[in-house]
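*Asks:* Sharing a structure here in structure tokens format.
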């Protein structure tokens, strides 16, 4: 397993070690479920259930390890939007109960309820957060880094004063940081407003879709169906906006403004570290860049050396072959020489024999002579 | 007539059930147990820095003589291709008689900050290809790229085609400026130099939130509300957790590579324009003449089909095959439907060209 994740990441050892506790928690929820059956059928029924769930979660969550907590917390957070829909549509249904369901008056109730939902959305940070979670922009940054900026903001009153004296440079850098932070907050605010508008627009899309469904005689039979419709409408409105150049430009500005702030304060931090003779990020980057360059050069050198080694090896083999073949040639030449000497000797002896034979044949002319030409 | 065919008390009942299931669900988490990092047996055959080259053990007798190297993306982890029994692309390929190797990039840290595209493509991938060629005593191997790994594979093939016999790309972005490419639009105006100079490596969680933000209500909301319905089913929860774990198991992105990739590919759309630089080399997809199989997902929200299909118009290959999978970006690797369709098709396509 890697060093990045603990395994299993929803480690449940704590459960096994506390079976009674878990049992108690289950009993608590079972008791709550039974209790709610005696509650009056009104919208007030949802809030207590939400409170009960919240209370259960508040009791349970401290026992969970970090990653278990994160996972279950996600579910709890998403549950909130489910409760929100439940609460809002419960009111709507109570409203429509009071009017003639077959007349067009239900649409009046629907419109009123959606107006209420829009205003609830505008006031609900949790609901807006679903829209305004800007990717690439770490939530931790907002929580942790901004504490530093809060401190700096306290000295904002000094920012219009030009820097002077021996601390002039530091003052100017702080002022620049405050300026950059101001720019980021401005764009961030703009981003949140736009995204909230998209959220409101999604509700309008949903209202129209419900009316269209009524016209097509389609039915909605559960809160889950309502929730799914809400998700679809939100995705639709969001996707339409994200596809625009306006969003692309705004997102770019937001990211760039945030990075400008982070980079500025990173440089300030480096300056402080440098004064303390401690390692800086700038210095580390220089080393890493140099190191990677050296590694790349080394890899290329190794590749070249390997290629050269192969070439040398091939050349050596060639030389060996040449040597072998030349030694074979010289041996065969010597052998050839020996052979030819023998042949010459044979030839001479044959010629001599021939001469002898000729002489003898000349002597006895009646005999036929067969001359073999060598 | 109002479409609402439910009473207020039914809504309260539904919420009450939701609460109960949610509370009881904690118990199920305790029953899930450990999850594997991929299921198919494999050997480590080569390592370099944080990269590991795996060789999977054969599952059938009949083997295609040309081995296949799977090049995974830098985002998320490659065990997605071998997630669980019956839902493993690797297993499917092995069953199709393919000799499978896989590149795992590991988890880069700050020390890797200056690794570039050249290091990845002309370094790590090339070294893996050479190792496999040497091991099998052959000149050419087959390449299969997954998502960004497909883009890397195309760059590699354009530069080192003499080492590749056939290439398969799966959900691979080629044209980064198609109409529905939300990811591309999102980064269009981001100052990437400022981002990388400030952040160094890009955190995996930031990459994740970017992907999730493309469909935030479904991926960050509805998914968890739906999960409540299966909280009492240990097996279904185990499957969910496998995926959930994979989704959030995101290595950080090496700063310099992120800079080069985002600027050259996403912002400048350099791959289709023949302008991407890998070290001193320029990638020209027209150089690719070998057989290509291009697999894309019809409902892919991360790599729109048009982005992948653009490949056909960029290469010189006369043997170009497209295969559309009726699903999404992840489903193409993990759905049961994909297992029936993709590995056998790849196996046959490769067999026909061996």
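Chains as they are written, first to last, in this note's numbering: chain A, 243 to 616; chain B, 4 to 357.
By construction, the Cβ of each residue, glycine as well, lies at the ideal position given by its N, Cα and C atoms.
Keep in mind that this is a model prediction, so the values were computed, not measured.
1. Between the stretch 276–292 of chain B and the stretch 156–167 of chain B, do three or more beta carbon pairs fall short of 8 Å?
2. Is residue 189 of chain B near residue 217 of chain B, with beta carbons less than 9 Å apart?
3. Quick test of the definition: if touching needs 3 or more C-beta pairs under 8 Å, does the stretch 320–335 of chain B touch the stretch 65–73 of chain B?
4. In the stretch 435–520 of chain A, which residue ranges form an unbroken alpha helix (DSSP H) of at least 4 residues, counting only runs that do not cross its ends?
5. Can you say whether residue 11 of chain B is buried or exposed, counting buried as having 16 or more other CB atoms within 10 angstroms of its CB?
6. Let me know the secondary structure DSSP gives residue 352 of chain A once reduced to three states.
7. For residue 41 of chain B, collect the residues of the same chain with a Cβ closer than 6 Å to its Cβ; drop the 5 residues on either side in sequence, then sort them by chain order.
8. Pick helix, strand or coil for residue 7 of chain B, following the three-state DSSP scheme.
9. Quick one: what's got a C-beta closer than 6 Å to residue 247 of chain A's C-beta in the same chain, skipping five residues either side?
10. Any contact between the stretch 412–420 of chain A and the stretch 321–334 of chain A? By contact I mean 3 or more CB pairs, one from each, below 8 Å.
11. Assess contact between the stretch 475–485 of chain A and the stretch 437–455 of chain A, defined as three or more Cβ pairs (one per stretch) separated by less than 8 Å. Is contact present?
12. What span of residues does the beta strand (DSSP E) with residue 280 of chain B cover, start to end?
13. What does a CB cutoff of less than 6 Å around residue 284 of chain A pick up in its chain, not counting 5 residues either side in sequence?
14. Does any residue of chain B bring its CB to less than 9 Å from the CB of residue 442 of chain A?
15. 9 Å is my cut-off, CB to CB: does residue 1 of chain B come that close to chain A?
16. Residue 78 of chain B and residue 210 of chain B look like a contact to me (Cβ under 8 Å); what is the Cβ gap, rounded to whole Å?
17. If you measure from the CB of residue 442 of chain A, is any heavy atom of the ligand SAM nearer than 8 Å?
18. Go through its chain and collect everything with a Cβ distance to residue 495 of chain A's Cβ below 6 Å, but skip five positions before and after it.
19. What are the residues of the stretch 191–207 of chain B that lie near chain A, defined by any Cβ-Cβ distance shorter than 7 Å?
20. Does the stretch 259–268 of chain B come into contact with the stretch 46–61 of chain B, if we say contact requires no fewer than three beta-carbon pairs (one atom in each stretch) closer than 8 Å?
21. In the stretch 11–36 of chain B, which residue ranges form an unbroken alpha helix (DSSP H) of at least 4 residues, counting only runs that do not cross its ends?
22. Nearest CA to the CA of residue 47 of chain B: which residue from B:94, B:75, B:104?
23. Buried or exposed: which applies to residue 521 of chain A, given that a residue is buried once 16 or more other Cβ atoms fall within 10 Å of its Cβ?
24. Could you spell out the range, first to last residue, of the beta strand (DSSP E) harbouring residue 318 of chain B?
25. Is residue 254 of chain B closer than 9 Å to residue 80 of chain B when the C-beta atoms are compared?
26. With DSSP as the reference, label residue 107 of chain B as helix, strand or coil.
27. Would you verify that the beta carbon of residue 247 of chain A is, or is not, closer than 9 Å to some beta carbon of chain B?
28. Output the distance between the C-alpha atoms of residue 342 of chain B and residue 96 of chain B, rounded to the nearest integer angstrom.
29. With the cut-off set at 9 Å, would you say residue 348 of chain A and residue 5 of chain B are in Cβ contact?
30. Cβ of residue 6 of chain B less than 9 Å from any chain A Cβ?
31. Out of B:233, B:36, B:283, which one is the CA nearest neighbour of residue 23 of chain B?
32. Of the choices B:203, B:305, B:176, B:238, whose alpha-carbon is the least far from that of residue 311 of chain B?
33. In the DSSP assignment, find the unbroken alpha helix (DSSP H) run with residue 336 of chain B in it and report its ends.
34. What do you get for residue 458 of chain A, buried or exposed, if any count of 16 or more other CB atoms within 10 angstroms of its CB means buried?
35. Output yes if chain B places a C-beta closer than 9 Å to the C-beta of residue 462 of chain A; else output no.
36. By the criterion of Cβ-Cβ separation under 7 Å, what are the contact partners of residue 10 of chain B in chain A?
*Replies:* According to the structure data:
1. The answer is yes - the stretch 156–167 of chain B touches the stretch 276–292 of chain B, with three or more Cβ pairs under 8 Å.
2. In this structure, residue 217 of chain B lies closer than 9 Å to residue 189 of chain B by Cβ.
3. They do not touch, by the three-pair rule.
4. If we require 4 residues or more, the alpha helix (DSSP H) runs fully inside the stretch 435–520 of chain A come out as 465–484, 487–517.
5. Buried, because 16 or more other Cβ atoms sit within 10 Å of the Cβ of residue 11 of chain B.
6. Helix.
7. Excluding sequence positions up to five before and after residue 41 of chain B, its CB lies within less than 6 Å of the CB of 82, 85, all in the same chain and listed in chain order.
8. Correct three-state label for residue 7 of chain B: strand.
9. For residue 247 of chain A, the predicted structure reports a pLDDT of 42, less than 50, and the residue's modelled location is therefore unreliable. A value from the coordinates is still provided. Taking residue 247 of chain A as the centre and dropping the five residues before and after it, the same chain places no C-beta closer than 6 Å to its C-beta.
10. The stretch 412–420 of chain A, when compared against the stretch 321–334 of chain A, does not touch it at the 8 Å Cβ threshold.
11. Because the criterion of three Cβ pairs below 8 Å is met, the stretch 475–485 of chain A and the stretch 437–455 of chain A touch.
12. Note, residue 280 of chain B: beta strand (DSSP E), 279–281.
13. Any answer about residue 284 of chain A is weak, because its pLDDT of 44 lies below 50 and its placement is not dependable; what the coordinates show is given next. For residue 284 of chain A, where only same-chain residues beyond five positions count, there are no Cβ hits under 6 Å.
14. Residue contact check for residue 442 of chain A against chain B: no CB pair falls below 9 Å.
15. This structure gives no information on residue 1 of chain B, because the portion of chain B shown stretches from 4 to 357.
16. Indeed, because the Cβ distance is near 6 Å, the residues count as touching under 8 Å.
17. Absence of the ligand SAM from the depicted structure is noted, as is the absence of any ligand whatsoever, leaving it without description.
18. Only 429 meet the Cβ criterion.
19. Look at the stretch 191–207 of chain B: the residues with a C-beta under 7 Å from a C-beta of chain A are 191, 192, 193, 194, 197, 198, 200, 201.
20. No: the two stretches stay apart, fewer than three of their Cβ pairs being nearer than 8 Å.
21. The qualifying runs are 11–35.
22. The candidate whose alpha carbon is nearest that of residue 47 of chain B is B:104.
23. Its Cβ having fewer than 16 others within 10 Å, residue 521 of chain A is exposed.
24. Where residue 318 of chain B is concerned, there is no enclosing beta strand (DSSP E), given that its DSSP letter is neither H nor E.
25. In this structure, residue 254 of chain B lies closer than 9 Å to residue 80 of chain B by Cβ.
26. Strand at residue 107 of chain B.
27. Bear in mind that the predicted position of residue 247 of chain A carries a pLDDT of just 42, short of 50, making it unreliable; the figure below should be weighed with that in mind. With 9 Å as the cut-off, residue 247 of chain A counts as an interface residue toward chain B.
28. Residue 342 of chain B and residue 96 of chain B have their C-alpha atoms some 9 Å from each other.
29. Note that the C-beta distance between residue 348 of chain A and residue 5 of chain B is below 9 Å.
30. Put simply, the CB of residue 6 of chain B is near chain A, with a gap under 9 Å to one of its CB atoms.
31. If we check each option's Cα against that of residue 23 of chain B, B:233 comes out closest.
32. Residue B:176 is the option with its Cα nearest to residue 311 of chain B.
33. 334–337 is the extent of the alpha helix (DSSP H) around residue 336 of chain B.
34. Under a 10 Å Cβ-count criterion, residue 458 of chain A is classified as exposed, with fewer than 16 other Cβ atoms of the shown protein chains found around its own Cβ.
35. Using beta-carbon distances, residue 462 of chain A counts as an interface residue toward chain B, with a partner under 9 Å.
36. Within chain A, the residues near residue 10 of chain B are 335.
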